[in-house]
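Read through the structure below, which is laid out as structure tokens, and then see the notes.
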Amino acid sequence: MPRDLRIHFNNFSWAHVTPTLHKLLVHAPQIFADHNDGFGLEELSEEGLESCSKLFRRYRERLSRKFNFEDNVKDVFVRLISQSDPILASFRNITKNDPEPDLSELKSCQDILVNSLSITTL
1361 MPRDLRIHFN
1371 NFSWAHVTPT
1381 LHKLLVHAPQ
1391 IFADHNDGFG
1401 LEELSEEGLE
1411 SCSKLFRRYR
1421 ERLSRKFNFE
1431 DNVKDVFVRL
1441 ISQSDPILAS
1451 FRNITKNDPE
1461 PDLSELKSCQ
1471 DILVNSLSIT
1481 TL
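Under the numbering used here, think of the first position of the sequence shown as 1361, with each following residue one higher.
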């Protein structure tokens, strides 16, 4: 096990290891040794990092205290850590994008019902 990964597990065993962090800690020495060719880690995906940047910006702008830089960063950090917590993630509400119901049939049934129940006045 690489030294950096061992440090992570000894000090931060509660934290979730993202795919990007896993690639960096476990596979970086092998990639540098075998496939580097002077290009570093450019072949690895940065989708997770880009997504994290988007969340960081959103949390910092909308969901953190603005009067103190330290409190602002703490609020963002707590939100990002809570996003990676597997127990909290299991409670997240996953919304389903159902199409809008077709109400035209309901409207025609309502018209039929109103017409059949209409009372003629004398």
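Idealized CB from N, CA, C, for every residue including glycine.
Residue i versus residue j: straight-line alpha-carbon distance, rounded
i     : j     : result
L1353 : N1475 : This structure cannot settle anything about residue 1353, because the visible part of the chain is limited to 1361 through 1482.
F1372 : R1366 : 10 Å
E1421 : A1449 : 23 Å
N1432 : S1413 : 15 Å
H1387 : T1378 : 13 Å
R1417 : S1411 : 10 Å
Residue i versus the options, residue with shortest Cα-Cα distance
i     : options                : result
L1415 : V1436, H1368 and A1375 : V1436
R1363 : R1425, E1407 and L1384 : L1384
V1438 : K1426, R1452 and Y1419 : Y1419
First and last residue of the uninterrupted alpha helix (DSSP H) at residue i
i     : result
T1380 : P1379 to H1382
R1366 : R1363 to N1371
D1431 : F1429 to S1444
Counted within 10 angstroms of its Cβ, other Cβ atoms place residue i as buried (16 or more) or exposed
i     : result
L1440 : exposed
Under 7 Å between C-beta atoms of residue i and residue j
i     : j     : result
H1376 : S1444 : yes
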